[in-house]
Amino acid sequence: MIWIMFYGAAASNSDGPSATGTLSMKSLLLSFIFAILSTQVLAEGRHHATSRYIGEAGREVKSLSEADVDELTRGDGWGLAKPAELNGYPGPSHVLAMKNQIGLTDDQFQKVQQVFDLMQARASAEGRIFVDAERKLDAAFRSRTITETALGDLVAEAEASRSRLRFIHLAAHLEVAQVLDPGQIAIYEEHRGYSK
(Lines of atoms letter the chains of each structure in order from A and count residues from 1; the text may use other names and numbers.)
(Lines give C-alpha, C1' and ligand atoms only; values in the text may rest on other atoms or scores of the structure.)
Protein backbone atom coordinates (compact mmCIF):
# COMPACT_ATOMS: atom_id res chain seq x y z
CA MET A 1 0.00 0.00 0.00
CA ILE A 2 2.78 2.41 0.87
CA TRP A 3 4.50 1.54 -2.40
CA ILE A 4 1.29 2.46 -4.30
CA MET A 5 0.97 5.76 -2.42
CA PHE A 6 4.66 6.37 -2.93
CA TYR A 7 4.54 5.62 -6.64
CA GLY A 8 1.22 7.48 -7.11
CA ALA A 9 2.54 10.60 -5.42
CA ALA A 10 5.64 10.49 -7.54
CA ALA A 11 3.75 9.90 -10.77
CA SER A 12 1.34 12.78 -10.14
CA ASN A 13 4.11 15.20 -9.25
CA SER A 14 5.33 17.45 -12.03
CA ASP A 15 8.85 16.74 -10.86
CA GLY A 16 8.01 13.03 -11.40
CA PRO A 17 10.54 10.27 -11.86
CA SER A 18 13.65 11.19 -13.74
CA ALA A 19 14.73 9.42 -16.84
CA THR A 20 16.56 6.93 -14.65
CA GLY A 21 13.34 6.09 -12.73
CA THR A 22 14.28 7.71 -9.42
CA LEU A 23 11.83 9.91 -7.55
CA SER A 24 12.45 13.53 -6.73
CA MET A 25 13.10 14.53 -3.13
CA LYS A 26 9.83 16.48 -3.08
CA SER A 27 7.82 13.39 -4.04
CA LEU A 28 9.68 11.26 -1.54
CA LEU A 29 9.04 13.74 1.28
CA LEU A 30 5.32 14.08 0.46
CA SER A 31 4.90 10.31 0.37
CA PHE A 32 6.69 9.91 3.68
CA ILE A 33 4.53 12.57 5.38
CA PHE A 34 1.36 10.97 4.02
CA ALA A 35 2.42 7.55 5.32
CA ILE A 36 3.17 8.93 8.79
CA LEU A 37 -0.15 10.78 8.99
CA SER A 38 -2.07 7.69 7.85
CA THR A 39 -0.40 5.60 10.53
CA GLN A 40 -1.24 8.23 13.18
CA VAL A 41 -4.92 8.30 12.15
CA LEU A 42 -5.13 4.50 12.34
CA ALA A 43 -3.45 4.47 15.75
CA GLU A 44 -5.82 7.13 17.11
CA GLY A 45 -8.80 5.18 15.82
CA ARG A 46 -7.72 2.11 17.78
CA HIS A 47 -7.02 4.22 20.87
CA HIS A 48 -10.52 5.73 20.89
CA ALA A 49 -12.11 2.30 20.65
CA THR A 50 -11.08 1.50 24.23
CA SER A 51 -12.78 2.96 27.27
CA ARG A 52 -11.18 5.14 29.89
CA TYR A 53 -13.18 3.13 32.43
CA ILE A 54 -11.08 -0.02 31.96
CA GLY A 55 -10.38 -1.57 35.35
CA GLU A 56 -13.27 0.19 37.10
CA ALA A 57 -15.88 -2.53 36.57
CA GLY A 58 -14.61 -4.40 39.62
CA ARG A 59 -15.17 -1.49 42.00
CA GLU A 60 -17.64 -1.94 44.82
CA VAL A 61 -19.13 1.45 43.91
CA LYS A 62 -18.51 1.98 40.21
CA SER A 63 -18.59 5.79 40.36
CA LEU A 64 -16.07 6.01 43.22
CA SER A 65 -12.54 4.71 43.58
CA GLU A 66 -11.33 3.24 46.87
CA ALA A 67 -9.39 6.47 47.41
CA ASP A 68 -12.59 8.48 46.83
CA VAL A 69 -14.49 6.38 49.37
CA ASP A 70 -11.67 6.74 51.92
CA GLU A 71 -11.48 10.51 51.42
CA LEU A 72 -15.23 11.00 51.63
CA THR A 73 -15.71 8.86 54.74
CA ARG A 74 -12.76 10.55 56.50
CA GLY A 75 -14.36 13.94 55.95
CA ASP A 76 -11.64 15.20 53.62
CA GLY A 77 -12.37 17.80 50.97
CA TRP A 78 -12.55 15.71 47.76
CA GLY A 79 -12.04 18.95 45.81
CA LEU A 80 -15.50 20.21 46.73
CA ALA A 81 -14.25 23.52 48.13
CA LYS A 82 -12.20 24.67 45.13
CA PRO A 83 -14.36 27.76 44.53
CA ALA A 84 -13.44 28.94 48.03
CA GLU A 85 -9.86 27.65 48.16
CA LEU A 86 -8.86 29.20 44.86
CA ASN A 87 -10.54 32.54 45.56
CA GLY A 88 -8.88 33.49 48.83
CA TYR A 89 -10.87 31.52 51.40
CA PRO A 90 -8.38 29.22 53.17
CA GLY A 91 -9.26 25.70 54.26
CA PRO A 92 -9.13 24.87 57.97
CA SER A 93 -6.92 21.78 57.71
CA HIS A 94 -4.30 23.63 55.66
CA VAL A 95 -4.40 26.66 57.96
CA LEU A 96 -3.80 24.41 60.96
CA ALA A 97 -0.91 22.69 59.19
CA MET A 98 0.61 26.10 58.37
CA LYS A 99 -0.10 27.75 61.74
CA ASN A 100 3.52 28.83 62.27
CA GLN A 101 4.03 30.22 58.75
CA ILE A 102 0.74 32.12 58.94
CA GLY A 103 1.40 33.30 62.49
CA LEU A 104 -1.86 32.17 64.07
CA THR A 105 -2.55 33.52 67.54
CA ASP A 106 -3.72 31.06 70.20
CA ASP A 107 -7.25 32.43 69.86
CA GLN A 108 -7.19 32.04 66.07
CA PHE A 109 -5.80 28.53 66.37
CA GLN A 110 -8.61 27.50 68.73
CA LYS A 111 -11.27 28.99 66.46
CA VAL A 112 -9.87 27.34 63.32
CA GLN A 113 -9.52 24.04 65.20
CA GLN A 114 -13.20 24.23 66.20
CA VAL A 115 -14.21 24.94 62.60
CA PHE A 116 -12.09 22.02 61.42
CA ASP A 117 -13.41 19.56 64.03
CA LEU A 118 -17.03 20.42 63.28
CA MET A 119 -16.43 20.35 59.52
CA GLN A 120 -14.69 16.99 59.64
CA ALA A 121 -17.37 15.40 61.84
CA ARG A 122 -20.18 16.66 59.61
CA ALA A 123 -18.34 15.90 56.37
CA SER A 124 -17.44 12.40 57.50
CA ALA A 125 -21.07 11.63 58.38
CA GLU A 126 -22.37 13.17 55.14
CA GLY A 127 -19.60 11.47 53.17
CA ARG A 128 -20.84 8.08 54.38
CA ILE A 129 -24.38 9.04 53.34
CA PHE A 130 -23.13 10.07 49.89
CA VAL A 131 -21.12 6.86 49.41
CA ASP A 132 -24.14 4.82 50.51
CA ALA A 133 -26.38 6.69 48.04
CA GLU A 134 -23.90 5.99 45.22
CA ARG A 135 -23.75 2.35 46.34
CA LYS A 136 -27.56 2.09 46.13
CA LEU A 137 -27.56 3.65 42.66
CA ASP A 138 -24.90 1.21 41.53
CA ALA A 139 -26.78 -1.77 43.02
CA ALA A 140 -29.99 -0.74 41.25
CA PHE A 141 -28.24 -0.83 37.88
CA ARG A 142 -26.39 -4.04 38.73
CA SER A 143 -29.68 -5.79 39.59
CA ARG A 144 -31.13 -4.70 36.22
CA THR A 145 -34.44 -3.91 37.91
CA ILE A 146 -34.12 -0.13 37.94
CA THR A 147 -37.00 1.96 36.63
CA GLU A 148 -37.01 5.58 35.54
CA THR A 149 -38.87 6.58 38.71
CA ALA A 150 -36.38 4.74 40.93
CA LEU A 151 -33.53 6.27 38.96
CA GLY A 152 -34.86 9.77 39.61
CA ASP A 153 -35.17 9.08 43.32
CA LEU A 154 -31.71 7.52 43.62
CA VAL A 155 -29.98 10.29 41.68
CA ALA A 156 -31.81 12.94 43.71
CA GLU A 157 -30.73 11.26 46.94
CA ALA A 158 -27.07 11.10 45.88
CA GLU A 159 -26.99 14.66 44.57
CA ALA A 160 -28.74 16.06 47.65
CA SER A 161 -26.07 14.44 49.79
CA ARG A 162 -23.28 15.73 47.55
CA SER A 163 -24.80 19.22 47.78
CA ARG A 164 -24.87 19.08 51.58
CA LEU A 165 -21.31 17.79 51.62
CA ARG A 166 -20.12 20.60 49.39
CA PHE A 167 -21.89 23.17 51.56
CA ILE A 168 -20.16 21.79 54.67
CA HIS A 169 -16.71 22.24 53.12
CA LEU A 170 -17.40 25.63 51.53
CA ALA A 171 -18.94 26.99 54.75
CA ALA A 172 -15.82 25.96 56.70
CA HIS A 173 -13.63 27.94 54.30
CA LEU A 174 -15.93 30.93 54.72
CA GLU A 175 -15.67 30.72 58.52
CA VAL A 176 -11.88 30.42 58.48
CA ALA A 177 -11.52 33.48 56.25
CA GLN A 178 -13.41 35.49 58.89
CA VAL A 179 -10.90 34.41 61.56
CA LEU A 180 -7.78 35.40 59.59
CA ASP A 181 -6.59 38.86 58.65
CA PRO A 182 -5.79 39.80 55.02
CA GLY A 183 -2.04 39.49 55.59
CA GLN A 184 -2.41 35.93 56.89
CA ILE A 185 -4.57 35.02 53.91
CA ALA A 186 -1.91 36.43 51.58
CA ILE A 187 0.76 34.31 53.31
CA TYR A 188 -1.50 31.26 53.04
CA GLU A 189 -2.01 31.82 49.32
CA GLU A 190 1.70 32.29 48.76
CA HIS A 191 2.58 29.06 50.61
CA ARG A 192 -0.14 27.17 48.73
CA GLY A 193 1.18 28.46 45.40
CA TYR A 194 -1.83 30.61 44.53
CA SER A 195 -0.07 34.00 44.54
CA LYS A 196 -0.57 36.02 41.39
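When we follow my numbering, the leftmost residue of the sequence shown carries the number 1, and every step to the right adds one. Glycine included, each C-beta is placed from N, C-alpha and C at the ideal position.
*Quick one: what does DSSP say L174 is sitting in, helix, strand or coil?*
Within the sequence shown, residue 174 is the residue found at index 174, counting from 1. Reduced to three states, the DSSP call for L174 is helix.
_Could you give the first and the last residue of the continuous alpha helix (DSSP H) run that contains G183?_
Position 183 of the sequence shown holds residue 183. Looking at the DSSP string, the run of the alpha helix (DSSP H) that includes G183 is 182-192.
*Using the C-alpha atoms, what's the distance from E71 back to Q184?*
Residue numbering aside, residue 184 sits at position 184 when the sequence shown is read from its first letter. Residue numbering aside, residue 71 sits at position 71 when the sequence shown is read from its first letter. Each residue's Cα considered, the two are about 28 Å apart.
*Taking one C-beta from the stretch 140-147 and one from the stretch 114-127 each time, how about it: are there three or more such pairs within less than 8 Å?*
Counting C-beta pairs with one atom in each stretch, the stretch 140-147 and the stretch 114-127 have fewer than three that are closer than 8 Å, which means they do not touch.
*Which term fits I168, buried or exposed, when burial requires 16 or more other beta carbons within 10 angstroms of its beta carbon?*
Residue 168 sits at position 168 when you count from the first residue of the sequence shown. Classification for I168: buried.
_Boundaries (first-last residue) of the alpha helix (DSSP H) holding K196_ = Along the sequence shown, read from residue 1 onward, the residue named residue 196 stands at position 196. Annotation for K196: no alpha helix (DSSP H) segment contains it, and DSSP assigns it neither H nor E.
_Buried or exposed by the 16-neighbour rule on C-beta atoms within 10 Å, applied to E85_ = On the sequence shown, residue 85 is found 85 positions in, with the first residue counted as 1. E85 comes out buried.
_My output table needs one value for S65: the three-state DSSP class, helix, strand or coil._
In the sequence shown, the residue the question calls residue 65 occupies position 65. S65 falls in the coil class under three-state DSSP.
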